[in-house]
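Q:
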Amino acid sequence: MSTFKAKVFVTLKPSILDPQGRTVERALSHLDHGNVGGVRVGKYIELTLSGSRAEVEAQLKDITESVLSNPVMEDARWEISEQQGEERVGA
Amino acid sequence: MKTAVIQFPGSNCDGDALHAAQLLLDQGAQFVWHTEAGLPQGTDLVFLPGGFSYGDHLRSGAIAARSPIMQAVKAHAERGGYVLGVCNGFQVLTESGLLPGALSRNRDLHFLCRPVHLRVENTGTAFTSAYTKGQVIEVPIAHGEGNYYADPETVARLEGEGQVVFRYVDNPNGSLNDIAGIVSERGNVLGMMPHPERAVEALLGSEDGRGLFDSLKGALVSR
């Protein structure tokens with residue numbers, strides 16, 4: 005049994021109006037970054053899961069598609085990596 | 026008519042919903058907490074009220090749609106029982122798959138709280154028979170995420186089958202085809218962003234929401 009860290013990225017589908025992204029884009033333009041376009045604002049969700057890689061990947065796909073995102077209006081993708089032992093955090 | 030008003034953590038129009046049901050649908054209206062496994066015996070109408078269930082975290086209505094009581098609400102709908110979802114209740118209905126589509130952020134990002142005009146598009150449903158086709162009614166809205174979206178095939182199907190029952194006269198939030206309220210294929214589940222339960226007494230500024238409750242009462246009698 006291993007522990008995995010997953011990162012899920014959820015964004016509105018390209019066909020859906022993203023007013024938040026458009027507002028940020030307009031603000032950047034006002035700040036003299038007129039060369040910036042295509043701003044989309046989304047969500048980033050972190051999870052840790054334990055189990056075998058195959059189990060955890062299947063579970064993550066299910067969670068992502070059935071709860072963390074709404075396939076009617078959002079696209080979602082995820083990344084997963086195995087945790088190597090105890091994570092050491094330095095200050 | 027026996028009404029069950031479902032309360033989720035963050036529901037804030039549950040009192041309005043109960044009041045309207047008690048006023049217009051006779052006795053038997055009661056609150057049901059979302060962790061309950063079943064609906065009260067003999068429930069005719071499930072009312073999913075407005076509010077901000079679970080603080081709108083993740084997506085509006087997403088977490089409420091997965092709470093225990095929703096299994097019973099789905100079973101009730103499958104039996105042909107009436108379900109009315111208003112505002113956050115509409116979001117819960119789309120998130121739970123009882124109605125198609127999704128509600129996203131309002132076009133201009135503003136929270137909108139004011140009376141709007143709706144056109145009644147279909148009077149052949151249990152929720153709208155007391156109105157006349159094309160009648161314009163005034164009902165308040167109060168939402169930040171009421172921009173109705175569905176893929177083009179779904180919208181075409183809704184339009185073709187007469188499932189769009191209420192349309193905004195002046196679209197406030199960017200909803201596709203000015204959609205304000207839709208019914209399920211069988212016509213027993215209605216979701217709408219505007220609040221008919223807040224327009225049932227002259228004191229509230231409009232009585233135009235009464236027609237919806239009068240329709241339901243009539244539908245139950247004729248069943």
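Chains as they are written, first to last, in the numbering used here: chain A, 5 to 95; chain B, 26 to 248. Ideal placement from N, C-alpha and C gives every residue a C-beta, glycine not left out. For clarity, every value in this text was computed on a predicted model and none was experimentally measured.
#1: State yes or no: is the C-beta of B:Val194 within less than 7 angstroms of the C-beta of B:Val208?
#2: Could you name the residues of the same chain whose beta carbon sits closer than 6 angstroms to that of B:Glu127, not counting the 5 residues immediately before and after it, in chain order?
#3: In three-state DSSP terms, what is A:Arg57?
#4: Taking the alpha-carbon positions, what's the A:Val76 to B:Asp176 distance?
#5: Taking the runs of the beta strand (DSSP E) that are 3 residues or longer, which of them lie wholly in the region 27-63 of chain B?
#6: Hey, how far is the Cα of B:Glu186 from the Cα of B:Glu210?
#7: Just the C-alpha distance for B:Tyr79 and B:Ser247, rounded to the nearest angstrom, thanks.
#8: Cα separation between A:Gln88 and A:Ile67?
#9: Considering only residues of the same chain and omitting the five flanking positions on each side of B:Gln96, which have a CB-CB separation below 8 angstroms?
#10: In three-state terms, what does DSSP make of B:Asn131?
#11: Apply the 10 Å Cβ neighbour rule to B:Cys138 and answer buried if 16 or more other Cβ atoms are within range, or exposed otherwise.
#12: Interface residues of chain B around A:Ala27 at Cβ under 9 angstroms?
#13: Look at the Cβ atom of B:Tyr156, then the Cβ atom of B:Val145, and state whether they are nearer than 7 angstroms.
#14: Give me the chain B residues within the contact set of A:Val20, using Cβ-Cβ distance strictly less than 7 angstroms, ordered along the chain.
#15: In or out: B:His101 buried (at least 16 other Cβ within 10 Å) or exposed?
A: Taking the structure as given:
#1: no
#2: It should be pointed out that residue 127 of chain B corresponds to Ala in this sequence rather than to Glu. Once the five neighbours on either side are set aside, the close Cβ partners of B:Ala127 are Thr119, Tyr174.
#3: DSSP places A:Arg57 in helix when its eight states are reduced to three.
#4: 8 angstroms
#5: 28-32, 55-58
#6: Taking the straight line from one Cα to the other gives about 8 angstroms.
#7: 38 angstroms
#8: 24 angstroms
#9: Ala62
#10: coil
#11: exposed
#12: It should be noted that the sequence gives Thr, not Ala, for residue 27 of chain A. Per Cβ cutoff of 9 angstroms: Leu134.
#13: Yes; because the gap between Cβ atoms is below 7 angstroms, this pair is in contact.
#14: A quick correction: the sequence has Ile, not Val, at residue 20 of chain A. Ser129, Tyr174, listed in chain order.
#15: Buried, since its Cβ has 16 or more Cβ neighbours within 10 Å.
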